[in-house]
Amino acid sequence: EKEGIEVIPAVGEQFDPNFHQAVMQDSDENAASNEITAELQKGYKLKDRVIRPSMVKVNQ
3 EKEGIEVIPA VGEQFDPNFH QAVMQDSDEN AASNEITAEL QKGYKLKDRV IRPSMVKVNQ
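Here the sequence shown is numbered in our numbering, starting from 3 and rising by one per residue.
Written out as structure tokens, the structure reads:
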């Protein structure tokens, strides 16, 4: 965080291909379509530049 590195928010957020990489699909009727239901690997960004996208599970 001191260098300006931030964790990319994931669980509960809408899937955004600019910040997230979908590696699994889910079919949870309690979650919205394209909502991230699980984070498998944290993603990081430096200001507006993605260092590593979050690997996530996305609801259909």
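Glycine included, C-beta positions come from ideal geometry on N, C-alpha and C. Please read all numbers here as calculations on a predicted model, not as lab measurements.
Euclidean distance between Cα positions of residue i and residue j
{"i": "Leu48", "j": "Ala24", "result": "21 Å"}
{"i": "Glu31", "j": "Gly14", "result": "14 Å"}
{"i": "Asn36", "j": "Phe17", "result": "6 Å"}
{"i": "Gly6", "j": "Ile53", "result": "12 Å"}
{"i": "Gly45", "j": "Ser29", "result": "23 Å"}
{"i": "Glu41", "j": "Met57", "result": "6 Å"}
{"i": "Arg51", "j": "Gln27", "result": "26 Å"}
{"i": "Asn61", "j": "His22", "result": "13 Å"}
{"i": "Glu8", "j": "Gln43", "result": "14 Å"}
{"i": "Pro55", "j": "Ala33", "result": "22 Å"}
DSSP beta-bridge partners of residue i
{"i": "Ile10", "result": "Answer is none; Ile10 lacks a bridge partner."}
In chain order, each beta strand (DSSP E) run of at least 3 residues that lies wholly inside the stretch 13 to 49: Runs of the beta strand (DSSP E) inside the stretch 13 to 49: 22 to 28, 38 to 43, 46 to 48.
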